[in-house]
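Take a look at the structure below.
In the working numbering, the protein residues as written are 2 to 198.
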């Protein structure tokens, strides 16, 4: 097995191995090197799609991304949550709030009932419905305060008092006022399924 240089007759450059030419070398690319301006011009694309197909494709991609983000946020996926809902402490507060029954969930239906009673032409009925509503609001505020302090205490026990995020109690209290099916992110636990603290 002898390795000899190939004969250079202007047609081929390479190495001859057992009578075969291998490792053929390119003599050049056959075109001039593009200038910087030419390379930049070749890379330029319009920022906004200019054809109907490109616009439709861009709209479909945007809609798909938005749908995925909306579903992810509703399901409590961390990467799709807004900053106010991110983190293990906020998840703990959400789960603790969603596990219990709270008077605030019934505040909107109570207000609807009071609005309906204002159409009844009896002053006695209207007066006492407003009194009942204000009494109910006081109970809701009391429930919010109890929930807020409980969540802060349990979160401090679980995560450490020095690492406790600010506004955790308020976050729980505001979530408790929303009706369960309207909460975002959606409730991830069943009633009575309190998180371990």
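Glycine is no exception: its CB is placed at the ideal position from the N, C-alpha and C atoms. As the structure is a computational prediction, the values presented were derived from the model and not from experiment.
Practice prompt. Go ahead and pull the three-state DSSP assignment for residue 198.
Written response: Here residue 198 refers to the residue found at position 197 of the chain shown. The answer is coil: DSSP assigns residue 198 none of H, G, I, E or B.
Worksheet item: Going by beta carbon distance, what residues of the same chain come within less than 8 Å of residue 186, once the five residues before and after it are set aside?
Response: Taking the chain shown and counting its residues from 1, the one referred to as residue 186 is at position 185. Cβ within range, chain order: 74, 75, 76, 77, 82, 86, 95.
Practice prompt. Output the boundary residues of the alpha helix (DSSP H) element that contains residue 63.
Written response: For the purposes of this step, residue 63 is identified with residue 62 of the chain shown, where counting begins at 1. Start and end: 53 to 75.
Item to complete: Note down the Cα distance separating residue 69 from residue 60, rounded to an integer number of angstroms.
Response: Position 68 of the chain shown, counted from the first residue, corresponds to residue 69. Position 59 of the chain shown, counted from the first residue, corresponds to residue 60. Answer to the nearest angstrom: the Cα atoms are 14 Å apart.
Worksheet item: Nearest-angstrom Cα distance between residue 42 and residue 182?
Response: Indexing the chain shown from 1 puts residue 42 at position 41. Indexing the chain shown from 1 puts residue 182 at position 181. C-alpha separation (whole angstroms): 53 Å.
Discussion item. Could you tell me the alpha carbon to alpha carbon distance between residue 146 and residue 175, rounded to whole angstroms?
Written reply: Within the chain shown, residue 146 is the residue found at index 145, counting from 1. Within the chain shown, residue 175 is the residue found at index 174, counting from 1. The straight-line gap from Cα to Cα measures roughly 11 Å.
Worksheet item: How is residue 151 classed by DSSP in three states: helix, strand or coil?
Response: Taking the first residue of the chain shown as 1, we reach residue 151 at position 150. Secondary structure at residue 151: helix, using DSSP grouped into helix, strand and coil.
Worksheet entry | residue 186, enclosing alpha helix (DSSP H) - first and last residue | The residue labelled residue 186 in the question sits at position 185 within the chain shown. Following the DSSP letters along the chain, one finds residue 186 in no alpha helix (DSSP H), marked with neither H nor E.
Worksheet entry | Nearest to residue 141 (by Cα), restricted to the options 150, 122, 103 | In the chain shown, the residue the question calls residue 141 occupies position 140. For the residues 150, 122, 103, the minimum Cα distance to residue 141 belongs to 103.
Worksheet item: Any idea if residue 163 is buried or exposed, counting beta-carbon neighbours within 10 angstroms, 16 or more meaning buried?
Response: Taking the chain shown and counting its residues from 1, one reaches residue 163 at position 162. Classification for residue 163: exposed.
Worksheet item: When the Cα atoms are used, what is the spatial distance from residue 192 to residue 154?
Response: Here the question's residue 192 lines up with position 191 in the chain shown. Here the question's residue 154 lines up with position 153 in the chain shown. Roughly 20 Å between the two C-alpha positions.
Discussion item. Can you give me the C-alpha to C-alpha distance between residue 53 and residue 179, rounded to a whole angstrom?
Written reply: As a position in the chain shown, residue 53 is number 52, starting the count at 1. As a position in the chain shown, residue 179 is number 178, starting the count at 1. Across the structure, residue 53 and residue 179 are spaced so that their CA atoms are roughly 43 Å apart.
Fill in: residue 105, DSSP secondary structure in three states
Indexing the chain shown from 1 puts residue 105 at position 104. In this structure, residue 105 counts as helix in the three-state DSSP scheme.
Item to complete: Determine the burial state of residue 117: buried for a count of at least 16 other Cβ atoms within 10 Å of its Cβ, exposed for fewer.
Response: Looking up residue 117 in the chain shown gives position 116. Burial call: exposed.
Worksheet entry | Cut-off 6 Å between Cβ atoms - residues of its own chain near residue 92, not counting five sequence neighbours on either side | As a working mapping, residue 92 is identified with position 91 in the chain shown. None.
Worksheet item: So residue 111 packs on residue 131, CB below 8 Å; how close in whole Å?
Response: In the chain shown, the residue the question calls residue 111 occupies position 110. In the chain shown, the residue the question calls residue 131 occupies position 130. Residue 111 to residue 131, Cβ: 11 Å. No contact.
Worksheet item: Nearest-angstrom Cα distance between residue 97 and residue 196?
Response: One-based indexing of the chain shown puts residue 97 at position 96. One-based indexing of the chain shown puts residue 196 at position 195. Between residue 97 and residue 196, the C-alpha separation is close to 6 Å.
Practice prompt. For residue 88, name the three-state secondary structure that DSSP assigns.
Written response: Residue mapping note: residue 88 aligns to position 87 of the chain shown, counting from 1. DSSP, reduced to helix, strand and coil, places residue 88 outside both helices and strands of the structure shown, so it counts as coil.
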